[in-house]
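Protein chains: 2
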Amino acid sequence: MTTISVGMLGCGTVGTGVLTLLNRATNQIAESIKVHFNVKKIAVSHPDKKRNLHWDEDVQFTGEIENVTTDPSIQIVIEVMGTVDQAYHAVCQAINHGKSVITANKELIALKGPQLTKLARQNHVDLYYEASVGGGIPILRVLSDSLITDQITGLTGIVNGTSNYVLSAMKDERSSYADSLKRAQKLGYAEANPINDLSGFDSAYKLAILSQLAFGHTINLKQLERTGIDKITLDELSGAAHWGLTIKPAIVARKKEHTLYTLVAPVAVTKQHPLANVSGVENSVLVTSTALGTTSYTGAGAGSEPTANSIMSDLLTITHHILTEQCGSSYNAPSTHISEYSLLKLPLEYFIALGEPAKKEPKFSNEASQYIEDTFKTGKAVFCITSVLDKNEKTNLEKSLSFMFQNVHFYPILKEN
Amino acid sequence: MTTISVGMLGCGTVGTGVLTLLNRATNQIAESIKVHFNVKKIAVSHPDKKRNLHWDEDVQFTGEIENVTTDPSIQIVIEVMGTVDQAYHAVCQAINHGKSVITANKELIALKGPQLTKLARQNHVDLYYEASVGGGIPILRVLSDSLITDQITGLTGIVNGTSNYVLSAMKDERSSYADSLKRAQKLGYAEANPINDLSGFDSAYKLAILSQLAFGHTINLKQLERTGIDKITLDELSGAAHWGLTIKPAIVARKKEHTLYTLVAPVAVTKQHPLANVSGVENSVLVTSTALGTTSYTGAGAGSEPTANSIMSDLLTITHHILTEQCGSSYNAPSTHISEYSLLKLPLEYFIALGEPAKKEPKFSNEASQYIEDTFKTGKAVFCITSVLDKNEKTNLEKSLSFMFQNVHFYPILKEN
Ligand SMILES: NC(=O)c1ccc[n+]([C@@H]2O[C@H](COP(=O)([O-])OP(=O)(O)OC[C@H]3O[C@@H](n4cnc5c(N)ncnc54)[C@H](OP(=O)(O)O)[C@@H]3O)[C@@H](O)[C@H]2O)c1
Ligand SMILES: NC(=O)c1ccc[n+]([C@@H]2O[C@H](COP(=O)([O-])OP(=O)(O)OC[C@H]3O[C@@H](n4cnc5c(N)ncnc54)[C@H](OP(=O)(O)O)[C@@H]3O)[C@@H](O)[C@H]2O)c1
Chain A
1 MTTISVGMLG CGTVGTGVLT LLNRATNQIA ESIKVHFNVK KIAVSHPDKK
51 RNLHWDEDVQ FTGEIENVTT DPSIQIVIEV MGTVDQAYHA VCQAINHGKS
101 VITANKELIA LKGPQLTKLA RQNHVDLYYE ASVGGGIPIL RVLSDSLITD
151 QITGLTGIVN GTSNYVLSAM KDERSSYADS LKRAQKLGYA EANPINDLSG
201 FDSAYKLAIL SQLAFGHTIN LKQLERTGID KITLDELSGA AHWGLTIKPA
251 IVARKKEHTL YTLVAPVAVT KQHPLANVSG VENSVLVTST ALGTTSYTGA
301 GAGSEPTANS IMSDLLTITH HILTEQCGSS YNAPSTHISE YSLLKLPLEY
351 FIALGEPAKK EPKFSNEASQ YIEDTFKTGK AVFCITSVLD KNEKTNLEKS
401 LSFMFQNVHF YPILKEN
Chain B
1 MTTISVGMLG CGTVGTGVLT LLNRATNQIA ESIKVHFNVK KIAVSHPDKK
51 RNLHWDEDVQ FTGEIENVTT DPSIQIVIEV MGTVDQAYHA VCQAINHGKS
101 VITANKELIA LKGPQLTKLA RQNHVDLYYE ASVGGGIPIL RVLSDSLITD
151 QITGLTGIVN GTSNYVLSAM KDERSSYADS LKRAQKLGYA EANPINDLSG
201 FDSAYKLAIL SQLAFGHTIN LKQLERTGID KITLDELSGA AHWGLTIKPA
251 IVARKKEHTL YTLVAPVAVT KQHPLANVSG VENSVLVTST ALGTTSYTGA
301 GAGSEPTANS IMSDLLTITH HILTEQCGSS YNAPSTHISE YSLLKLPLEY
351 FIALGEPAKK EPKFSNEASQ YIEDTFKTGK AVFCITSVLD KNEKTNLEKS
401 LSFMFQNVHF YPILKEN
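Line by line, the protein sequences are chains A and B.
Start counting the first sequence at 1; every next residue gets the next number (the UniProt record's numbering).
Start counting the second sequence at 1; every next residue gets the next number (the UniProt record's numbering).
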C-alpha cells in the first residue's frame with residue numbers, strides 16, 4: 001500500500017464533500033490501486049470551530065495556510081477555500097514547494113490559469129481544476145482528452161446554477177425575480193451576496209476556463225459582452241413563451257476562421273434547443289466540433305458531493321501520475337492567436353421586450369417595421385421577433401425603439417451551436 | 001519526433017474516418033506531442049479495390065490480417081472490420097504479438113471483453129474501445145475516469161441510432177414502420193440487414209459493455225430481457241402521445257443492493273424525461289451515481305467521423321502510455337458478484353396498447369380494472385395507463401387482457417434513472 005499525503009485549504013461545502021467521498025471510497029481505492037490517502041492538514045479561517053465531518057482519521061486543523069503549502073510531507077494540495085489573491089499566493093507556494101494542486105476556484109483559474117499552468121509545468125507538478133466548471137460534469141476532461149485532436153467551433157452552455165434556478169422558478173411558478181431569488185437563497189442555491197452569479201461574472205469566469213481548453217485562447221474578461229439576469233421580468237418570460245421561446249442564462253462562444261465571438265447573457269432558445277429543458281440548478285454544456293458534431297454534457301453544476309466528485313477524479317489522475325512519475329506532463333491546449341469579438345457582431349435574430357410605450361399608442365416607424373417579423377401585445381407590454389439583423393441593423397432598430405419605449409431589451413435567439 | 005507505427009484491420013465507414021481525422025490532425029499532433037503516426041498496413045477483404053481516401057502518405061493494403069497483427073514494427077492495431085470470431089482471433093494475435101489494440105467492435109467486446117482485457121494486461125499492452133458504445137460520445141471514458149470512485153446505481157440510454165431514427169420518423173412524420181426503415185436505409189442510418197439494430201441485439205451488446213465498466217458485472221446476454229422495436233405501430237405512438245408519453249428504444253440498468261435489474265426494450269417516457277428529446281440518430285446515456293446524481297451525455301451515436309474521433313482519443317491515450325512505458329496499467333472496474341434480473345421484476349407503471357378486441361365491445365374485468373388508471377380509445381384500438389404493478393399483478397393483468405384482445409403490448413413507463 002502506498003500512502004499519499006494530502007493537504008486541504010478550506011473545509012466548507014466542497015471541502016467536507018471531499019472528506020465524505022474520500023471516506024466512502026477508502027476501501028475501493030485501497031483494493032483497486034493500493035493507495036491510501038492520508039489527509040494530514042486542513043487550513044481554515046476558524047481552526048477551532050466544531051465541524052461535523054464524515055471522516056474517521058486524525059486530521060490537523062490549522063489557521064495558517066503555510067502550514068499546509070510548505071509541509072514537505074504533503075504531496076497534493078486541494079484548494080477549496082475561494083478568494084483570488086490569497087488562493088493565488090497559496091497555490092503558487094504549494095507548486096513552488098513541489099506539490100500538485102487541485103482547485104475548484106473558477107475565479108482563480110479564469111484570472112490566473114495560464115500563469116499557474118506554466119508554473120506547475122516548470123515545477124513538474126500537476127494542476128487540475130475539473131470542479132471549477134460545471135460542478136460534477138466532467139466537461140474539462142472531455143475537452144482535454146476526448147476532443148484533443150478535433151477542432152471545436154462552438155460552445156454554448158448554462159453554467160450558473162443560481163441564475164438558471166431563478167429563471168426556471170420565475171417561468172414555472174410565476175414567482176417574481178425577488179421571490180425566486182429569496183427561495184434560491186433559502187434552499188442554499190444562492191449565496192447571501194449573489195451578485196457574482198446573477199450579474200454573469202461567475203459565468204464569465206467559466207467561459208474563460210472553457211475557452212482556454214477549447215480554443216487555446218485567454219478571454220479578455222474586461223471586454224467580454226456580459227449581461228446579468230437581474231432585469232428580466234415575468235412579463236418578458238410570458239412574451240417569449242408566446243413564440244415557444246425560453247429565456248436561459250447562457251455562455252456562448254463561436255469560432256469562425258481566426259475569430260472567436262463570445263457572449264455571457266440571457267438568450268432565447270426554441271423548445272427544440274437542447275438547453276430548453278435544462279432547468280433548476282442543472283448545468284449543461286454543448287460542444288460543437290468538426291468531427292464529432294454537437295455533443296452535450298448535463299448534470300448538477302454545483303453542490304457538495306458533485307463538486308467533490310470532480311476533485312476525486314483529479315485526485316486519482318494526479319495519483320496515477322505520481323506513481324508513474326509523470327506529473328506535469330499532461331497535454332495542454334496550445335495557445336493560439338485569435339481575435340475576440342462580441343457575438344452580437346454576428347447577424348442574429350432577436351426576441352425584443354419593450355416596456356411601456358413613451359406615447360399612448362405605439363406605432364413602429366417604417367424603418368423599425370422592416371426588421372420586425374411578428375409582434376405580440378399583453379397589457380401594456382409589447383414583444384417582437386426580428387428577422388436576422390446584422391450589427392448595424394440592430395443598432396438602428398434599438399435606437400428607433402428607444403424613442404418610443406422606456407425599456408428596450410434585446411435577447412439573441414440561439415438556434416444552433 | 002517519435003514515430004508510432006499503426007496497423008488497421010478494415011477500411012470501411014469507420015476506417016476511412018480514422019484516416020481522415022489522422023490526416024487532419026497530423027500537424028497538431030506533431031506540434032503538441034511530437035509524434036508522427038505512420039499507418040503502415042491495412043488489412044481489408046478486397047485489397048485491390050479502388051478507395052477514395054483522405055490520406056497523403058503511402059500505405060500498404062493487404063488481404064491477410066496476419067500481415068498486420070504479426071508485423072513486429074507495428075505498435076498499435078486498430079480493429080474496424082467487424083465480425084466476432086475473426087476479429088477475436090485477430091485481436092488476440094495482435095495482443096500476443098505485443099501490440100496495443102483499439103476496437104470499435106461492440107459485439108466483440110460484449111462477448112469477449114473480459115478475456116481480451118485480461119490478455120492485454122498479461123501482455124502489458126492496452127485495449128481501448130471507446131467507439132464501441134455511443135459512437136462519438138466519450139461515455140466509456142467518463143465511466144472509467146470521472147466516476148471511478150463513485151457508486152453507479154442507474155444507467156438509462158438510447159444507444160441504437162437506427163431504432164431511434166425509425167421511431168422518431170414514425171412519430172414526427174407519421175410514416176409507417178416499413179417506410180421509416182426504408183428511409184433510414186436510404187440515408188445510410190440502417191444497414192441492408194438491420195435485424196441486429198431493430199431487434200435490440202446491438203443495444204444489448206452496448207448495455208453489456210457499459211455494465212462491465214459501470215458495475216464490474218458481465219451481463220448474461222442469453223437471459224437478458226430484450227424486445228425489439230419491430231412490432232410498434234403508428235397507433236401506439238399516438239396512444240402514448242395522448243398521455244404526453246414518447247416511446248423510445250432504451251437500455252436500462254438499475255442496481256439495488258447486490259442485484260442488477262436490466263432491460264433492453266422500447267419504453268415510454270414523459271415529456272420531462274431527458275431522453276424524450278433525443279431524436280433521430282442521436283444517442284444519449286444517463287448515468288446516476290451516489291455523489292454525482294444524474295448526468296447525461298448526448299451526441300452522434302454513429303457515423304464515420306464521430307466514431308473515428310473516439311478512436312483518435314484512444315490512440316492518443318495509448319500513445320501517451322507507450323511514451324511513458326505504462327501500457328496495460330489502466331484501471332479496470334473490479335468484477336463484482338451481483339445477481340441479475342429483468343427490470344420487469346420491479347414494480348413499474350405501464351402504458352398498454354391493445355389491438356382489436358376479441359369481443360365487439362371490450363369491458364375490463366373487475367380484476368383488470370383495479371390496475372388500470374386511465375383508458376383512451378381511438379378507432380378500434382384501446383390504450384391504458386396502469387398504476388404501479390408488481391411482477392404478479394402485471395402477469396395477472398396480461399393474462400386477463402389476452403383473453404379479450406389479440407395484441408397486448410406492455411411498455412414500462414420510465415420516470416427516473
Ligand atoms: N459550493 C459549490 O457548490 C461549489 C461548486 C464549484 C466550485 N466551488 C468553489 O469551491 C471553493 C469553495 O467553495 P465552498 O462553497 O466550499 O466555500 P465555503 O463553504 O464558504 O468554504 C470555504 C472554506 O474555506 C475556509 N477559508 C476561507 N477563507 C480562508 C482563508 N483566508 N484561509 C484559510 N481558510 C479559509 C473557510 O474556513 P472556515 O470553515 O473556518 O470558515 C471554509 O472552510 C470556491 O472557490 C467556490 O467557488 C464551489
Ligand atoms: N459505422 C458506424 O457508424 C460504426 C459506429 C460504431 C462502431 N462501428 C463498428 O465498427 C466496425 C466497422 O464498421 P464499418 O461501418 O466501418 O464497417 P464497413 O464499412 O462494413 O467496413 C468493414 C471493413 O472491414 C473490411 N473487412 C471485413 N471483413 C474483413 C475480413 N474478414 N478481413 C479483412 N478485412 C475485412 C472491409 O474490407 P473491404 O473494404 O475490402 O470490403 C471493410 O474495409 C464494426 O465492428 C462496427 O460495428 C461502426
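From the three backbone atoms N, C-alpha and C, an ideal C-beta is built for every residue, glycine too.
Bear in mind that the values here come from a model prediction, so they are computed numbers and not experimental data.
Neighbour flag for residue i against chain A, beta carbons, 8 Å
i	result
Ile137(B)	yes
Pro306(B)	yes
Gly299(B)	yes
Ser146(B)	yes
Ile385(B)	no
Thr153(B)	no
Asp172(B)	no
Asn407(B)	no
Asn277(B)	yes
Contact test: residue i Cβ vs ligand 1 heavy atom, cutoff 7 Å
i	result
Ser313(A)	no
Leu9(A)	yes
Ala110(A)	no
Ser45(A)	yes
Test: residue i CB closer than 8 Å to a CB of chain B
i	result
Leu292(A)	yes
residue 422(A)	Examination of residue 422(A) is not possible in this model, given that chain A is present from 1 through 417 alone.
Leu119(A)	no
Leu309(A)	Here the sequence assigns Asn to residue 309(A), which means Leu is not the residue at that position. Yes, contact with chain B.
Ile76(A)	no
Thr227(A)	no
Thr2(A)	no
Asp56(A)	no
Val142(A)	yes
Thr149(A)	yes
Asn164(A)	no
Whole-angstrom C-beta distance between residue j and residue i, which should lie under 8 Å
i	j	result
Gly188(B)	Gly228(B)	No, Gly188(B) and Gly228(B) are not in contact; Cβ-Cβ is about 21 Å, not under 8 Å.
Val269(B)	Thr298(B)	Wrong, their Cβ atoms sit about 14 Å apart, outside the cutoff.
Ala300(A)	Gly98(A)	Wrong, their Cβ atoms sit about 34 Å apart, outside the cutoff.
Leu213(A)	Ser144(A)	6 Å
Thr275(B)	Ser284(B)	Note that residue 275(B) is Leu in the sequence shown, not Thr. With a Cβ gap of about 6 Å, Leu275(B) and Ser284(B) count as contacting.
Ala308(B)	Thr20(B)	7 Å
Thr386(A)	Glu349(A)	6 Å
Ile42(A)	Thr319(A)	With a Cβ gap of about 19 Å, Ile42(A) and Thr319(A) do not count as contacting.
Ser100(B)	Gln75(B)	7 Å
Ser313(A)	Pro138(A)	7 Å
His258(B)	Ile311(B)	Contact doesn't hold; Cβ gap of about 36 Å is too wide.
Distance cut-off 7 Å: residue i Cβ against heavy atoms of ligand 2
i	result
His321(A)	no
Thr307(B)	yes
Gln86(B)	yes
Thr20(B)	no
Asn164(B)	no
Ile65(B)	yes
Met81(B)	yes
Asn105(B)	yes
Chain E within 8 Å of residue i, Cβ atoms only
i	result
Thr103(A)	In the displayed structure, chain E is absent; the protein chains listed are A and B.
- Which residues, in order along the stretch 207–218 of chain B, keep a beta-carbon less than 9 Å from a beta-carbon of chain A? none
- With 9 Å as the C-beta to C-beta threshold (strictly closer), list the residues of the stretch 241–263 of chain A near chain B in chain order. none
- Query: Which residues, in order along the stretch 312–329 of chain A, keep a beta-carbon less than 7 Å from a beta-carbon of chain B?
  - Reply: Met312, Ser313, Leu316, Thr324 and Gln326
- Taking only beta carbons into account, state which residues of the stretch 11–22 of chain B come closer than 7 Å to chain A, listed in chain order. Leu21
- Task: With 7 Å as the C-beta to C-beta threshold (strictly closer), list the residues of the stretch 19–52 of chain B near chain A in chain order.
- Result: Leu21, Ala25, Gln28, Ile29, Glu31, Ser32 and Ile33
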